[in-house]
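Protein sequences appear in the order of chains A and B.
All letters in the first sequence, in the order written, are residues 1 to 112 by the working numbering.
All letters in the second sequence, in the order written, are residues 1 to 118 by the working numbering.
Cβ coordinates follow ideal geometry from the N, Cα and C atoms, glycine included.
Below is one structure; the comments refer to it alone.
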Amino acid sequence: EAAVTQSPRNKVAVTGGKVTLSCNQTNNHNNMYWYRQDTGHGLRLIHYSYGAGSTEKGDIPDGYKASRPSQENFSLILELATPSQTSVYFCASGAWGGDEQYFGPGTRLTVL
Amino acid sequence: AQKVTQTQTSISVVEKTTVTMDCVYETRDSSYFLFWYKQTASGEIVFLIRQDSYKKENATVGHYSLNFQKPKSSIGLIITATQIEDSAVYFCAMREGLTNSAGNKLTFGIGTRVLVRP
């Protein structure tokens, strides 16, 4: 069974609206990550977390917040969604001291 | 800041042949780790293989192998005996520094699309 799940899988939002993307992992990994994938840019890191209660800015954090309420859950929050945030978002988890990251199936977000 | 560059946007090969794709990286760290990930047509992203900067031997896993040329800051991926299911986008990625420094975060290249045709 899938160890990293994301919800929703598809989302259409309006400009200025609030969007929350959720990620759950059953790997018991300390580290979790949010990426966005856009043509010509590959995967870019938005926020990451070392464990419950921690969030850190990645390479492109502007316009995004993150929340890690528990070991298993990591959310990405767009308080005021903009069309430029239309993308595919991937969540991943990784073990402390490990190198491999395990990715979720992705969420396709369209902001109109 | 670290940077990973994949200049080949797409490659097409015939099944059962070998495909090679390039990746160059920039880092100021003396210790770093290089990875290749595969994204299938369904969007699934999976880890394939890794090379530690301090290791001289090229990593090999199944029909995937690496061509690590440290003086050139290059880490190529070689897939031998390709199969149709190897058709995918391949991403090169790098992590700098000590284990779990900055959360083991990765910097990815933009990917190379590989098409394996019959």
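Next on the checklist: I'd like to know whether the C-beta atoms of threonine 18(B) and threonine 80(B) end up nearer to each other than 7 Å.
Outcome noted: As a position in the second sequence, residue 18(B) is number 18, starting the count at 1. As a position in the second sequence, residue 80(B) is number 80, starting the count at 1. A contact, by the Cβ cut-off of 7 Å.
Checklist entry - From tryptophan 96(A) to histidine 29(A), what does the alpha carbon distance come to, in whole angstroms? => result In the first sequence, residue 96(A) corresponds to position 96, counting from 1. In the first sequence, residue 29(A) corresponds to position 29, counting from 1. One C-alpha to the other measures close to 7 Å.
Checklist entry - Is the stretch 22–36 of chain B in contact with the stretch 85–99 of chain B, if contact means three or more CB pairs nearer than 8 Å? => result yes
Checklist entry - Relative to the ligand MN, is the shortest distance from any of its heavy atoms to the C-beta of proline 61(A) smaller than 6 Å? => result The ligand MN is not among the ligands present in this structure, which contains no ligands whatsoever.
Checklist entry - DSSP state of lysine 16(B), grouped into three classes? => result Here residue 16(B) refers to the residue found at position 16 of the second sequence. Of the three classes helix, strand and coil, the one that applies to lysine 16(B) here is coil, per DSSP.
Next on the checklist: For the beta strand (DSSP E) containing serine 22(A), name the first residue and the last one.
Outcome noted: Looking up residue 22(A) in the first sequence gives position 22. Its beta strand (DSSP E) spans residues 19–25.
Checklist entry - In chain A, which residues lie with their C-beta within 7 Å of the C-beta of glutamate 57(B)? => result The residue you call residue 57(B) lines up with position 57 of the second sequence. Per Cβ cutoff of 7 Å: no residues; glutamate 57(B) is ~17 Å from chain A at best.
Item to check | chain A residues whose Cβ lies nearer than 7 Å to that of leucine 77(B) | outcome: Your numbering for residue 77(B) matches position 77 in the second sequence. Correct list: empty, because the minimum Cβ distance to chain A is about 15 Å.
Checklist entry - If you follow the beta strand (DSSP E) that tryptophan 36(B) is part of, which residue opens it and which one closes it? => result To locate residue 36(B), count along the second sequence from 1; it is residue 36. First-last of the beta strand (DSSP E) with tryptophan 36(B): 32–39.
Checklist entry - Can you tell which of Thr39(A), Asp99(A), Met32(A) and Ala92(A) has its C-alpha closest to the C-alpha of proline 69(A)? => result Reading the first sequence from its first residue, position 69 is the one you call residue 69(A). Checked all of Thr39(A), Asp99(A), Met32(A) and Ala92(A); the closest Cα to proline 69(A) is Met32(A).
Item to check | Through-space distance from phenylalanine 90(A) to leucine 45(A), alpha-carbon basis | outcome: Walking along the first sequence from the start, residue 45(A) turns up at place 45. Walking along the first sequence from the start, residue 90(A) turns up at place 90. Distance between the alpha carbons of leucine 45(A) and phenylalanine 90(A) is about 9 Å.
Next on the checklist: Residues of chain B with CB closer than 9 Å to the CB of tyrosine 64(A), please, in chain order.
Outcome noted: Walking along the first sequence from the start, residue 64(A) turns up at place 64. Result: empty, since nearest Cβ-Cβ is about 15 Å, beyond 9 Å.
Item to check | Neighbouring residues, chain B, relative to leucine 43(A) (Cβ below 7 Å) | outcome: Numbered from 1 along the first sequence, position 43 holds the residue referred to as residue 43(A). Result: Phe91 and Phe108.
Item to check | Bounding residues of the beta strand (DSSP E) (the contiguous stretch that carries asparagine 31(A)) | outcome: The residue given as residue 31(A) occupies position 31 in the first sequence. Element bounds for asparagine 31(A): 31–38.
Item to check | Near-chain B residues of the stretch 67–85 of chain A - C-beta to any C-beta below 8 Å | outcome: none
Next on the checklist: Please tell me whether glutamine 25(A) and threonine 107(A) are closer than 7 Å, where the distance is taken between their beta carbons.
Outcome noted: Numbered from 1 along the first sequence, position 25 holds the residue referred to as residue 25(A). Numbered from 1 along the first sequence, position 107 holds the residue referred to as residue 107(A). Taking 7 Å as the Cβ cut-off, glutamine 25(A) and threonine 107(A) do not qualify as a contacting pair.
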